[in-house]
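Trainee: Handing you this structure, nothing more for now.
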Amino acid sequence: MAETKHPSARTLLVLGRVSNLPTVWSNCLCGWLLAGGGSGFRLFLLCLATSLLYVGGMFLNDAFDASFDRQHRRQRPIPSGAIEESLVWRLGSGLLAAGTLPLLCLGLDTAVLTVFLVGSILLYDAIHKAVEFSPVIMAICRFFLLLVAASVGNDGVTGLAVWSAFALAGWIVGLSYVARRESILGPLAVWPVLALAVPVLLALLVNNGAYRLRGIWFSAVVIVWAVLCLRHTFTKVQRNLGRTVSGLLAGICLVDLLAAPPSPIGTAMFLACFGAALLFQRFIPAT
Numbered sequence: 134m135a136e137t138k139h140p141s142a143r144t145l146l147v148l149g150r151v152s153n154l155p156t157v158w159s160n161c162l163c164g165w166l167l168a169g170g171g172s173g174f175r176l177f178l179l180c181l182a183t184s185l186l187y188v189g190g191m192f193l194n195d196a197f198d199a200s201f202d203r204q205h206r207r208q209r210p211i212p213s214g215a216i217e218e219s220l221v222w223r224l225g226s227g228l229l230a231a232g233t234l235p236l237l238c239l240g241l242d243t244a245v246l247t248v249f250l251v252g253s254i255l256l257y258d259a260i261h262k263a264v265e266f267s268p269v270i271m272a273i274c275r276f277f278l279l280l281v282a283a284s285v286g287n288d289g290v291t292g293l294a295v296w297s298a299f300a301l302a303g304w305i306v307g308l309s310y311v312a313r314r315e316s317i318l319g320p321l322a323v324w325p326v327l328a329l330a331v332p333v334l335l336a337l338l339v340n341n342g343a344y345r346l347r348g349i350w351f352s353a354v355v356i357v358w359a360v361l362c363l364r365h366t367f368t369k370v371q372r373n374l375g376r377t378v379s380g381l382l383a384g385i386c387l388v389d390l391l392a393a394p395p396s397p398i399g400t401a402m403f404l405a406c407f408g409a410a411l412l413f414q415r416f417i418p419a420t
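Below, the structure is given as structure tokens:
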């Protein structure tokens with residue numbers, strides 16, 4: 134009987150796209166702050182559980198994509214032989230279950246939103262290669278992630294949290310559209326990328342009085358970062374979509390900073406997540 138090959142730690146990290154975990158923590162912090170903050174333990178449990186959901190979802194993403202990857206991306210862990218497909222299915226399902234259970238215990242609102250979040254993750258994994266609107270499904274995943282985070286805070290899901298989740302979804306639509314073109318040949322349209330501007334538009338609408346100047350400054354930061362990322366795709370002779378997508382993924386932390394209530398500690402934490410995402414991407418691919 135052939136000996137079972139055990140995957141390396143790097144294989145597991147690549148499968149889980151763990152370089153993007155700081156953006157998950159940033160979403161959790163943003164939603165929690167928008168809901169008035171609260172228990173630090175609940176925030177920690179939220180970050181841990183959603184990290185498991187994210188990594189589990191990424192494992193299942195590769196499991197669903199195994200046939201596609203064998204034809205188009207043979208360097209991925211499953212087609213390269215670095216890990217068995219059946220093991221990826223088991224690990225992904227186990228991580229998804231392990232992340233879901235703690236959230237079901239944090240209250241009815243959190244439990245209901247978690248069901249929608251997990252359903253969105255599975256829907257995306259299952260059909261994202263087959264439908265053109267997959268960036269919208271990915272955006273829905275982050276939409277529910279931020280609402281799950283808000284439901285854990287003292288004030289629960291507020292109107293501003295919902296609008297902020299929609300703004301975050303706009304950013305995700307824009308970056309996911311570019312990410313989808315990495316594996317699909319053809320021209321790259323400009324108009325879907327304009328969805329990246331939604332968080333800035335919301336910030337300029339809702340920040341009044343003493344908060345207006347802050348909103349303008351942080352909006353400028355988000356715009357500059359988006360332009361710096363997009364230049365690798367739209368202004369280079371040899372376009373580099375992967376670099377654009379990686380940068381925009383890290384930029385999720387800046388979008389959260391723009392949406393969250395003013396707080397010196399919060400600002401430092403969002404910037405730390407942003408820096409961590411960029412640092413982790415140097416070792417583990419973001420896509």
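When you line the sequence shown up against the numbering used here, it's residues 134 to 420, in that order.
By construction, the Cβ of each residue, glycine as well, lies at the ideal position given by its N, Cα and C atoms.
No experiment lies behind these values; they were computed from the predicted model shown.
Exposed or buried, residue 134, counting other C-beta atoms within 10 Å across all chains shown (16 or more means buried)?
Mentor: Since pLDDT at residue 134 reaches only 40, below the 50 mark, its modelled position is unreliable, and the value read off the structure follows with that caveat. Under this definition residue 134 is an exposed residue.
Trainee: Could you please give the first and the last residue of the uninterrupted alpha helix (DSSP H) stretch that includes residue 310?
Mentor: Residue 310 -> alpha helix (DSSP H) spans 292 to 313.
Trainee: Is the Cβ of residue 356 closer than 9 angstroms to any Cβ of chain B?
Mentor: Here chain B cannot be found, since the structure has a single protein chain.
Trainee: Which of the three DSSP states is assigned to residue 339 in this structure?
Mentor: DSSP places residue 339 in helix when its eight states are reduced to three.
Trainee: How would you write the range of the alpha helix (DSSP H) that residue 261 sits in, first residue to last?
Mentor: From DSSP, residue 261 is part of no alpha helix (DSSP H); its letter is neither H nor E.
Trainee: Keeping to the same chain, check which residues put their C-beta closer than 6 angstroms to that of residue 328; ignore five residues upstream and five downstream.
Mentor: So the list reads 303, 306 and 307, once near-sequence residues are dropped.
Trainee: Between the segment 229 to 239 and the segment 177 to 194, do at least 3 Cβ pairs fall closer than 8 angstroms?
Mentor: The answer is yes - the segment 177 to 194 touches the segment 229 to 239, with three or more Cβ pairs under 8 angstroms.
Trainee: Once DSSP output is grouped into helix, strand and coil, what is the label at residue 208?
Mentor: Residue 208: coil per DSSP, three-state reduction.
Trainee: Could you have a look at residue 321 and say whether DSSP puts it in helix, strand or coil?
Mentor: Looking at residue 321 - three-state DSSP - the assignment turns out to be coil, as it is neither helix nor strand.
Trainee: Residue 150 lies in the alpha helix (DSSP H); which residues open and close that run?
Mentor: No alpha helix (DSSP H) contains residue 150, which DSSP labels as neither H nor E.
Trainee: So the candidates are 250, 412 and 283; which of them puts its Cα closest to the Cα of residue 275?
Mentor: Out of 250, 412 and 283, 250 has the C-alpha closest to the C-alpha of residue 275.
Trainee: Are the CB atoms of residue 264 and residue 164 within a distance shorter than 9 angstroms?
Mentor: For residue 164 and residue 264, no; Cβs fall outside 9 angstroms.
Trainee: Could you tell me the distance, in whole angstroms, from the CA atom of residue 255 to the CA atom of residue 341?
Mentor: Spanning the two alpha carbons is a distance of roughly 39 angstroms.
Trainee: Throw me the rounded Cβ distance for the residue 335 and residue 366 pair, which I believe falls under 8 angstroms.
Mentor: Their Cβ separation, rounded to whole angstroms, is 24 angstroms, which puts residue 335 and residue 366 out of contact at 8 angstroms.
Trainee: Can you give me the start and stop residues for the alpha helix (DSSP H) that residue 374 sits inside?
Mentor: Where residue 374 is concerned, the enclosing alpha helix (DSSP H) stretches over 374 to 383.
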